[in-house]
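Colleague: Take a look at this one; I'll ask things after.
Number of protein chains: 2
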Amino acid sequence: MKAVGVIVEYNPLHNGHLYHIQKAKELTNADIVIAVMSGPFLQRGEPAVVSKWHRADMALQHGIDLVIELPYAFATQHAEIFAYGAVRLLDSLRCDYICFGSESGDIQSFYNAYSLLEENKTNYEQWLKAFMTEGNSYPKAASLAFLQLTEKKTAMLDLSKPNNMLGFQYVKAVCSLKLAIQLVTIARKDANYHDTYFSSETIASATSIRKQLFDAKSGIETITSYIPTHTNAILQAFQMEYGVYMQWENYWPYLKFRLLQIKANELSGIYEVEEGLEHRLLASIQKADSFHHFLTLVKTKRYTWTRLQRICTHVLTNTKKTDIKEMSEPTYIRLLGSTASGRLYLKEKKKNFLLPVVSKLSSFQNQQIALDSKAAAIYSLGAPLSFQQKLTKLEYSQPPIMK
Amino acid sequence: MKAVGVIVEYNPLHNGHLYHIQKAKELTNADIVIAVMSGPFLQRGEPAVVSKWHRADMALQHGIDLVIELPYAFATQHAEIFAYGAVRLLDSLRCDYICFGSESGDIQSFYNAYSLLEENKTNYEQWLKAFMTEGNSYPKAASLAFLQLTEKKTAMLDLSKPNNMLGFQYVKAVCSLKLAIQLVTIARKDANYHDTYFSSETIASATSIRKQLFDAKSGIETITSYIPTHTNAILQAFQMEYGVYMQWENYWPYLKFRLLQIKANELSGIYEVEEGLEHRLLASIQKADSFHHFLTLVKTKRYTWTRLQRICTHVLTNTKKTDIKEMSEPTYIRLLGSTASGRLYLKEKKKNFLLPVVSKLSSFQNQQIALDSKAAAIYSLGAPLSFQQKLTKLEYSQPPIMK
């Protein structure tokens, strides 16, 4: 059996993702699709609108055969570490292909970009440093530095596009680790990553879908044409069962509490809190009356909104620099769900997997998976008090979903 | 001018306190009464029902001339440290007398108890250790050990009574520091400290008053005969302005969050977390669905309910063993309010005070007062989200109340 891997968040799964899954199978002719999916907290440093179990369910309903959790230590990270962890997991699952969406849609341009960067490493790093010194954020400086190398060349990859940048990191991980995985990319249809409005009749960005979902007035009806029926049903079931959709504002009281009780020197030990940012965070907390207001007060050119959200997530989960330091490689394959084909693949290939498959939480314990469970427990606090225990319990009692 | 000091919490101020204030003046013939009063968190490890400013207001309305905040580092402590801090502050304010309520009402019995203990220190400590080893809590073991010394003597102080024990600590502090302060005690009228029902027509324990206050059905009407009119008005004003009375359950979401995010080794650094209690706290947090339920799960013979509540308060305020270690002496006199007579006393005696008087928070900064401000900020989180900022601001913007 051949497998194609996709790296996803499904927050929530929409028609664009459906297209991606179909194309992945079509282009590679693989027997199954494996999704490595972020858990409760996402790459942008946000809580997922619904739990990982509900999102795994969405995935299994729409063509994914195995859903594997990307551990917190990789999921809530900048593009390079996020991509590294996901690629490592897909390789440990012995995937033959990885298929990712990009603005470019041309895989050769990614390989070219990788070669160019490898050949001009020193040069690139000097430019990167120079742009950082000018006060740019890391992603901005990285794309500007890359632009310096490509200036005289045509048809080069545009690394200022978020999905090209993420795709580039997959390519970089595969190439630098010299993995046998074959990479495939498809051009994303219509919607742009950051779109907050609906730009097509059936495809919209997850960002714009979430925006509508949180809007009490428009609600779920406005998004039905952009998400499959099952996604719709699962979203509604989650809200019925846990009283709410998850978003940052639900966690604002906890973030505020923690920042009121922590001292600057302790805060500077939290992962990604650098360059005296702890003082800026503490100075802003007393003035802010919402999470959005708080981030607006903290925001500078130097830090992307996304990075600041990730930092706030690490404050919530109390994740320290010393914790992440010890977690540079994935150590387990946490199975969230499978189809019959997925189980067939497991049966056939499991003996060749590079990491143990964890179906039952109690059967495997280490620091990395303990962090995932902690993240799930903290995530559940975003629900109203009376629903929290039920939601936390999912982490410990929910067996992998079988479809 | 002569001053008599009282050590209080006024949670809330009731008719029994009124009697105490009147008697204190009557017995000592002092010109003014100075109250050293706990701030937002109390000796029993509980949040005060209303803010320290509202309780200072109650005090000034009922015969207290100066209200001084007992710093968090002494207020949320077992009887010995609580008493030590309060006595030190009253001495630094150059008080002539301290008047305390007790079950005994006979000051000589306190001096006798102190002498007896001093003469039999080694013996006492051996008994104390033996009773602790049997699994008793510290206060229980202390009163049992004392009983061993007094067995053959008659008319000895009963240290198993909470107010006798607290009074004994005042006497101990004054005697061991060899202070010039004269001690006076009055027998408490009617209500017992821990009473949860009303035992007299006009005097009830603060515990029973709070119980009624939190009971939505009975509410404030049932307690009007036990509290002065002004206390009633101030209680109602607080609830009107901040939407709630403060109690532990209001802080349960924050305590739960913190215990879900903290690791055992970090938790063991929190003040008063000893003997592996961190594991017991962490094991119970997932199972509990309220603060009361949580404490029931953690409770053993070894730890009093009060001590466990204090530990939870330190978890909320993130107060570490290393923090308290550096705060063995009061370092300032934080003025919360004064009457005209109180201000006259300040004018006449301030130059002889042993510590600086802090009327404006911005004029004095050290670790000890920063902990008080932090406690006030955390305390404000017990109010609904939309009231919190207004409540926190009191700490920084409220000048001492002038009556």
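Which chain is which? The protein sequence lines are A and B, in order. If you want the numbering used here, it's the position in the first sequence, counting the first as 1, plus 646. If you want the numbering used here, it's the position in the second sequence, counting the first as 1, plus 646. Glycine included, each C-beta is placed from N, C-alpha and C at the ideal position. Nothing here was measured: the structure is a model prediction, and the numbers come from that model.
Along the chain, where does the alpha helix (DSSP H) containing B:R701 start, and where does it finish?
Modeller: Within the second sequence, numbered from 1, the residue matching residue 701 of chain B stands at position 55. K698 to Q707 is the extent of the alpha helix (DSSP H) around B:R701.
Colleague: Can you tell me whether DSSP reads A:P899 as helix, strand or coil?
Modeller: If you number the first sequence from 1, residue 899 of chain A lands on position 253. Note: A:P899 maps to helix in three-state DSSP.
Colleague: Hey, could you find the ends of the alpha helix (DSSP H) A:M778 is sitting in?
Modeller: Translated into the one-based positions of the first sequence, residue 778 of chain A becomes position 132. Counting along the chain, the alpha helix (DSSP H) containing A:M778 begins and ends at K767 to T779.
Colleague: Does the Cβ of B:T963 have 16 or more other Cβ atoms within 10 Å, making it buried, or fewer, making it exposed?
Modeller: Taking the second sequence and counting its residues from 1, the one referred to as residue 963 of chain B is at position 317. Burial call: buried.
Colleague: Would you kindly check if the distance between the Cβ of B:D935 and the Cβ of B:R980 is under 9 Å?
Modeller: Counting from one through the second sequence, the residue named residue 980 of chain B turns up at place 334. Counting from one through the second sequence, the residue named residue 935 of chain B turns up at place 289. In this structure, B:D935 does not lie closer than 9 Å to B:R980 by Cβ.
Colleague: Look at the alpha carbon of B:K648 and the alpha carbon of B:D677, and state the distance between them as a whole number of angstroms.
Modeller: Taking the second sequence and counting its residues from 1, one reaches residue 648 of chain B at position 2. Taking the second sequence and counting its residues from 1, one reaches residue 677 of chain B at position 31. Their backbone Cα atoms lie some 5 Å apart in a straight line.
Colleague: Figure out for me which residue from A:A670, A:C741 and A:Y730 has the closest Cα to the Cα of A:F999.
Modeller: In the first sequence, the residue the question calls residue 999 of chain A occupies position 353. Taking only the C-alpha atoms, the option nearest A:F999 is A:C741.
Colleague: Given A:T985, which residues of its chain have a CB within under 7 Å of its CB, disregarding the five upstream and five downstream residues?
Modeller: Translated into positions along the first sequence, residue 985 of chain A becomes position 339. Excluding positions up to five away in sequence, the list reads L706, D711 and K1049.
Colleague: Please list the segments of the beta strand (DSSP E) lying wholly inside the segment 952-1028 of chain B, counting only runs of 3 or more residues, in order along the chain.
Modeller: With a minimum length of 3 residues, the continuous beta strand (DSSP E) runs that stay inside the segment 952-1028 of chain B are 979-984.
Colleague: Evaluate B:G781 with the Cβ neighbour count: other Cβ atoms within 10 Å of its Cβ, from every protein chain shown; 16 or more gives buried, anything less gives exposed.
Modeller: On the second sequence, position 135 is the one that residue 781 of chain B refers to. Label assigned to B:G781: exposed.
Colleague: Does the CB of A:N964 have a neighbour CB from chain B at under 9 Å?
Modeller: Numbered from its first residue, the first sequence carries residue 964 of chain A at position 318. By this cut-off, A:N964 is an interface position.
Colleague: Quick one: residues in its chain with C-beta nearer than 7 Å to the C-beta of B:S1026, no 5 flanking neighbours on either side, listed in chain order?
Modeller: As a working mapping, residue 1026 of chain B is identified with position 380 in the second sequence. Answer for B:S1026: Q1034, L1037 and T1038, listed in chain order.
Colleague: So B:L901 packs on B:L913, CB below 8 Å; how close in whole Å?
Modeller: For the purposes of this step, residue 901 of chain B is taken as the residue at position 255 of the second sequence. For the purposes of this step, residue 913 of chain B is taken as the residue at position 267 of the second sequence. Their Cβ separation, rounded to whole angstroms, is 12 Å, which puts B:L901 and B:L913 out of contact at 8 Å.
Colleague: Does any heavy atom of the ligand NAD sit closer than 8 Å to the C-beta of B:K967?
Modeller: The model depicted lacks the ligand NAD and carries no ligand whatsoever.
Colleague: Taking 9 Å as the CB-CB limit, is A:D935 close to chain B?
Modeller: Position 289 of the first sequence, counted from the start, is the residue given in the question as residue 935 of chain A. A:D935 counts as touching chain B.
Colleague: Which residue wins for smallest C-alpha separation from A:Q858, given the options A:Y891, A:A879 and A:T831?
Modeller: In the first sequence, residue 858 of chain A corresponds to position 212, counting from 1. Comparing Cα-Cα distances from A:Q858 to each of A:Y891, A:A879 and A:T831, the minimum goes to A:Y891.
Colleague: Please state if the CB of B:Y917 and the CB of B:I970 are separated by a distance shorter than 9 Å.
Modeller: Along the second sequence, read from residue 1 onward, the residue named residue 970 of chain B stands at position 324. Along the second sequence, read from residue 1 onward, the residue named residue 917 of chain B stands at position 271. Closer than 9 Å, so yes.
Colleague: Quick one: which chain A residues come within Cβ less than 8 Å of B:Y900?
Modeller: The residue labelled residue 900 of chain B in the question sits at position 254 within the second sequence. P899, Y900 and F903, listed in chain order.
Colleague: Quick check: is the beta carbon of B:I1047 nearer than 9 Å to any beta carbon in chain A?
Modeller: The residue given as residue 1047 of chain B occupies position 401 in the second sequence. So, not an interface residue.
Colleague: Pick helix, strand or coil for A:E1121, following the three-state DSSP scheme.
Modeller: Since the first residue shown for chain A is 647 and the last is 1049, residue 1121 of chain A is missing from the structure and cannot be characterised.
Colleague: Out of curiosity, what's the CA-to-CA distance linking B:G685 and B:D752?
Modeller: Position 39 of the second sequence, counted from the start, is the residue given in the question as residue 685 of chain B. Position 106 of the second sequence, counted from the start, is the residue given in the question as residue 752 of chain B. The straight-line gap from Cα to Cα measures roughly 29 Å.
Colleague: In whole angstroms, what separates the C-alpha of A:Y760 from that of A:Q723?
Modeller: Counting from one through the first sequence, the residue named residue 760 of chain A turns up at place 114. Counting from one through the first sequence, the residue named residue 723 of chain A turns up at place 77. Those two C-alpha atoms are separated by around 21 Å.
Colleague: How big is the Cα-Cα spacing for A:L739 and A:K993?
Modeller: Residue 739 of chain A sits at position 93 when you count from the first residue of the first sequence. Residue 993 of chain A sits at position 347 when you count from the first residue of the first sequence. Going from the Cα of A:L739 to the Cα of A:K993 covers about 12 Å.
Colleague: Decide yes or no for the touch test of the segment 847-854 of chain B against the segment 651-661 of chain B: beta carbon pairs closer than 8 Å, at least 3 of them.
Modeller: Result yes; three or more Cβ-Cβ pairs closer than 8 Å.
Colleague: Label B:M811 either buried or exposed according to how many other C-beta atoms from any shown protein chain fall within 10 Å of its C-beta, with 16 as the threshold for buried.
Modeller: What you label residue 811 of chain B is simply residue 165 of the second sequence in a count that begins at 1. So B:M811 counts as buried.
Colleague: When you compare the CB positions of A:Q834 and A:H700, do they come within less than 9 Å of one another, or not?
Modeller: For the purposes of this step, residue 834 of chain A is taken as the residue at position 188 of the first sequence. For the purposes of this step, residue 700 of chain A is taken as the residue at position 54 of the first sequence. Per the sequence shown, residue 834 of chain A should be read as Arg rather than Gln. No, they are not a contact pair.
Colleague: In the structure shown, what three-state DSSP assignment does A:L829 receive?
Modeller: Within the first sequence, the letter at position 183 stands for residue 829 of chain A. Three-state result, A:L829: strand.
Colleague: Measuring alpha carbon to alpha carbon, tell me which residue in B:S789, B:R690 and B:K966 is nearest B:Q1013.
Modeller: Numbered from its first residue, the second sequence carries residue 1013 of chain B at position 367. The candidate whose alpha carbon is nearest that of B:Q1013 is B:K966.
Colleague: Nearest chain A C-beta to B:E912 closer than 9 Å, yes or no?
Modeller: Within the second sequence, residue 912 of chain B is the residue found at index 266, counting from 1. It does; some Cβ of chain A falls within 9 Å.
Colleague: Anything in chain A within Cβ reach of B:A1023, meaning under 7 Å, just list it in chain order.
Modeller: The count along the second sequence starts at 1 and reaches residue 1023 of chain B at position 377. The answer, in chain order, is L906.
Colleague: Can you tell me whether B:H960 is buried or exposed, with buried defined as 16 or more other CB within 10 angstroms of its CB?
Modeller: In the second sequence, the residue the question calls residue 960 of chain B occupies position 314. It is buried - the Cβ of B:H960 has at least 16 other Cβ atoms within 10 Å.
Colleague: Determine, using beta carbons only, whether B:C815 comes closer than 9 Å to chain A.
Modeller: Residue 815 of chain B sits at position 169 when you count from the first residue of the second sequence. Contrary to the premise, residue 815 of chain B reads as Gln rather than Cys in this sequence. With 9 Å as the cut-off, B:Q815 does not count as an interface residue toward chain A.
Colleague: Taking C-beta pairs closer than 8 Å, name the residues in chain A that B:L1027 reaches, listed in chain order.
Modeller: Indexing the second sequence from 1 puts residue 1027 of chain B at position 381. Here the neighbours are P899, K902, F903 and L906.
Colleague: For A:A787 and B:F903, I'd like the C-alpha separation in whole angstroms.
Modeller: Locating residue 787 of chain A in the first sequence gives position 141, counting from the first residue. Locating residue 903 of chain B in the second sequence gives position 257, counting from the first residue. Using only the alpha carbons, I get a separation of about 37 Å.
Colleague: Classify A:H708: buried if its beta carbon has 16 or more other beta carbons within 10 angstroms, exposed otherwise.
Modeller: Sequence index remark: in the first sequence, residue 708 of chain A carries index 62 (1-based). Burial call: buried.
Colleague: Could you give the C-beta distance for A:T674 and A:V817, rounded to a whole number, given that I count them as a contact under 8 Å?
Modeller: Along the first sequence, read from residue 1 onward, the residue named residue 674 of chain A stands at position 28. Along the first sequence, read from residue 1 onward, the residue named residue 817 of chain A stands at position 171. Their Cβ separation, rounded to whole angstroms, is 16 Å, which puts A:T674 and A:V817 out of contact at 8 Å.
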